[in-house]
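Protein chains in written order, with my numbering: chain A, 74 to 338; chain B, 504 to 865. Read through the structure below, which is laid out as structure tokens, and then see the notes.
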């Protein structure tokens with residue numbers, strides 16, 4: 074269980090988050106959606122301990138303020154938005170960096186093969202020898218995901234779920250790889266882990282998320298199952314444009330279509 | 504990479520594509536052997552009567568017989584100089600690698616960005632102002648005081664530089680280099696002011712020392728600075744895991760379980776200790792800190808767990824070779840070693856700049 078209570082963040086005079094409550098359960102994908110500047114990434118950063126904020130965050134019952142970096146690294150891994158790599162690492166060397174902390178096992182043979190298994194999982198078989206700096210943006214994003222997966226490969230540790238925090242995990246990916254990455258997140262959740270993902274693509278959110286939190290101007294606008302949250306009214310009000318929601322077979326989830334004609338007043 | 508993995512298809516356990524650790528281990532063995540060889544050459548082996556050199560080395564260890572004159576030349580004149588060059592070379596190379604990891608930037612070098620100048624200011628202050636201490640106290644603290652003051656000067660410089668160049672976990676290359684120039688100018692001016700107050704004997708010391716030289720190496724100086732360098736060399740490998748993680752940025756390193764603030768504090772202390780102690784015995788010797796880690800990254804990759812030990816070995820080798828060159832090109836006179844490293848390192852640095860244009864212009 075991930076439980077954040079009363080999260081407020083101010084940068085100078087501007088309020089980024091105002092009294093946000095957020096919960097996520099293990100075994101599910103919980104998506105955070107909302108327009109640019111609504112505070113999605115900031116909320117994720119507060120809950121992963123990257124930036125301080127008012128309020129408290131409890132991960133599996135422990136206040137994250139009281140956890141050491143190593144304890145945190147054992148419980149959760151974080152995929153940030155694109156960042157640069159300072160030195161010319163090969164793909165294998167970079168993914169292997171995920172083996173630094175909080176390993177679930179000492180089995181050297183298993184750990185030795187983990188980077189290649191993670192690379193295979195994200196669709197980068199045979200990329201181990203390439204230089205990270207020579208890859209495309211989407212390939213780099215998947216290399217980072219492989220590194221993150223290596224860090225918390227087993228979704229459960231000591232009877233506790235581990236957590237995958239994803240900040241716009243599919244933003245640089247083509248449609249095929251978007252599905253691969255979302256499926257990895259789903260499999261992680263189905264195996265008992267928890268997944269919290271900041272998402273831009275509402276349709277992928279509708280397709281894969283078990284719960285959705287809709288943020289607008291630093292506050293929670295709606296929270297619930299995708300069909301409850303992703304509605305014409307809530308989305309149009311939040312995103313400031315006319316969005317039509319339909320139901321598509323076969324899953325019966327919502328399907329969001331922007332209307333080019335109507336910019337919301 | 505590709506060539507290597509293809510080469511290996513034949514027999515032997517296959518090298519994994521992208522895994523350069525085996526190569527780094529092989530390199531370490533090769534460098535260790537080469538270091539041993541260069542050390543012997545530095546003691547005179549190959550230049551004179553080899554058996555006499557070896558006998559003199561062995562004599563103090565009770566392994567051979569040699570004349571008192573040979574033993575004195577080897578053990579009291581050549582040996583401290585050889586050990587100094589090796590230790591300072593290792594220390595500067597490791598300091599460079601750690602600093603580049605800390606600043607997440609292959610162009611950071613203690614000599615380039617004013618850290619050596621800061622350490623120099625500390626050392627000069629100690630040499631000149633130490634003259635005002637009561638004679639007995641000065642004799643007792645002499646070399647130690649210079650080492651410690653150089654360490655303090657280097658430490659202050661790294662901290663100031665880091666504060667200026669790094670904001671929110673991101674280090675700006677341009678800001679770092681420019682701040683380094685400003686810092687170097689300022690400490691240079693302060694150093695000049697103190698030198699102005701020096702007496703004639705001190706001036707002579709300062710001049711030779713300022714060009715960077717291992718000629719004045721003695722066991723006494725080594726005893727004062729060696730332990731500090733040794734501590735830094737021993738501490739450095741413990742930073743490897745954190746520096747690797749830091750390559751991905753401070754937030755990512757923290758997510759991976761690295762205590763980033765602690766890492767940075769220890770890295771800064773390590774750089775200050777190794778640069779400060781080196782500057783205290785040999786003065787400013789440039790470019791070792793940037794050339795060595797860069798060459799190694801090309802061959803074995805940027806992982807610090809293999810980079811740091813290999814940097815120590817290659818740094819020692821390079822400075823020993825530079826010392827041999829400095830003693831032989833204008834024999835029987837000799838060049839200050841700093842001039843040799845600058846002559847070799849300057850063009851190399853330009854080459855690195857050209858290779859890293861993309862980073863600089865971003």
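Here a beta-carbon is modelled for each residue, glycine too, at the ideal position from N, C-alpha and C. This one's a predicted model, so the numbers in the text were calculated from it and none came from an experiment.
- A/313 is the residue among A/152, A/213 and A/313 whose C-alpha sits nearest the C-alpha of residue 107 of chain A.
- For residue 759 of chain B, a Cβ of chain A is located within less than 8 Å of the residue's own Cβ.
- Just so you know, the alpha carbons of residue 664 of chain B and residue 253 of chain A end up roughly 44 Å apart.
- A straight line joining the alpha-carbon of residue 592 of chain B with that of residue 725 of chain B spans about 14 Å.
- At a cut-off of 8 Å between C-beta atoms, residue 280 of chain A does not count as an interface residue with respect to chain B.
- With 16 or more neighbouring CB atoms inside 10 Å of its own CB, residue 727 of chain B falls in the buried class.
- Around residue 708 of chain B, the same chain offers 630 as residues with beta carbons nearer than 7 Å, after the five sequence neighbours per side are excluded.
- Restricting attention to alpha helix (DSSP H) runs no shorter than 4 residues, the segment 551-638 of chain B encloses them at 553-562, 571-575, 582-606 and 618-632, ordered along the chain.
- Using a Cβ-Cβ cut-off of 8 Å, residue 165 of chain A is close to 519, 520, 521 and 522 of chain B, given in chain order.
- Proximity of residue 702 of chain B to chain A, defined by a Cβ-Cβ separation below 8 Å, is not satisfied.
- Proximity of chain A to residue 553 of chain B at the Cβ level (cut-off 8 Å) is not reached, the minimal Cβ distance being about 43 Å.
- Residue 655 of chain B does not reach chain A, its nearest Cβ partner there being about 29 Å away, counting only Cβ pairs nearer than 9 Å.
- Residue burial annotation: residue 572 of chain B is exposed, with fewer than 16 other C-beta atoms found within 10 angstroms of its C-beta.
- In terms of CA proximity to residue 809 of chain B, B/741 leads the group B/741, B/606, B/729 and B/537.
- Within the segment 246-285 of chain A, the runs of beta strand (DSSP E) at least 3 residues long that lie entirely inside it are, in chain order, 267-271.
- Exposure of residue 264 of chain A is indicated by the presence of fewer than 16 other C-beta atoms within 10 angstroms of its C-beta.
- By the neighbour-count definition (other C-beta atoms within 10 Å, threshold 16), residue 240 of chain A is a buried residue.
- Excluding sequence positions up to five before and after residue 214 of chain A, its CB lies within less than 7 Å of the CB of 155, 245 and 246, all in the same chain and listed in chain order.
- Under the DSSP assignment, residue 238 of chain A falls in the beta strand (DSSP E) whose first and last residues are 236-240.
- Three or more beta-carbon pairs separated by less than 8 Å link the segment 280-298 of chain A to the segment 87-103 of chain A, which places the two stretches in contact.
- Counting only unbroken stretches of 4 or more residues, the alpha helix (DSSP H) elements lying wholly within the segment 157-242 of chain A are 164-169, 181-194 and 210-224, in sequence order.
- Within chain B, 758 have C-beta atoms less than 8 Å from the C-beta of residue 121 of chain A, given in sequence order.
- The count of Cβ pairs closer than 8 Å, one atom from the segment 158-173 of chain A and one from the segment 119-130 of chain A, stays below three, leaving the stretches out of contact.
- Here residue 603 of chain B is buried, its C-beta having at least 16 other C-beta atoms within 10 Å.
- The continuous beta strand (DSSP E) containing residue 128 of chain A extends over residues 127-132.
- The beta-carbon separation of residue 679 of chain B and residue 668 of chain B, rounded to 4 Å, stays under the 8 Å limit for a contact.
- Around residue 173 of chain A, the beta-carbon contacts reaching into chain B at under 7 Å are 744, 748, 759 and 760.
- Contact fails between the segment 791-803 of chain B and the segment 730-747 of chain B, because fewer than three Cβ pairs, one in each stretch, are under 8 Å apart.
- Using beta-carbon distances, residue 170 of chain A counts as an interface residue toward chain B, with a partner under 8 Å.
- Annotated as proximal: residue 542 of chain B and residue 589 of chain B, with beta-carbon spacing under 8 Å.
- Using a CB distance cut-off of 8 Å, residue 156 of chain A counts as an interface residue toward chain B.
- For secondary structure counted as the beta strand (DSSP E) over 3 or more consecutive residues, the segment 720-767 of chain B holds no complete run.
- Apart from the 5 residues on each side of it in sequence, residue 216 of chain A sits with its Cβ closer than 8 Å to the Cβ of 164, 167, 168, 192, 195, 197, 200, 205 and 208 in its chain, given in chain order.
- Boundaries of the beta strand (DSSP E) harbouring residue 319 of chain A: 316-320, taken from the DSSP string.
- When secondary structure is reduced to three states using DSSP, residue 106 of chain A falls in the strand class.
- Sequence-ordered contacts of the segment 792-816 of chain B with chain A read 800, 804, 805 and 806 [C-beta pairs closer than 8 Å].
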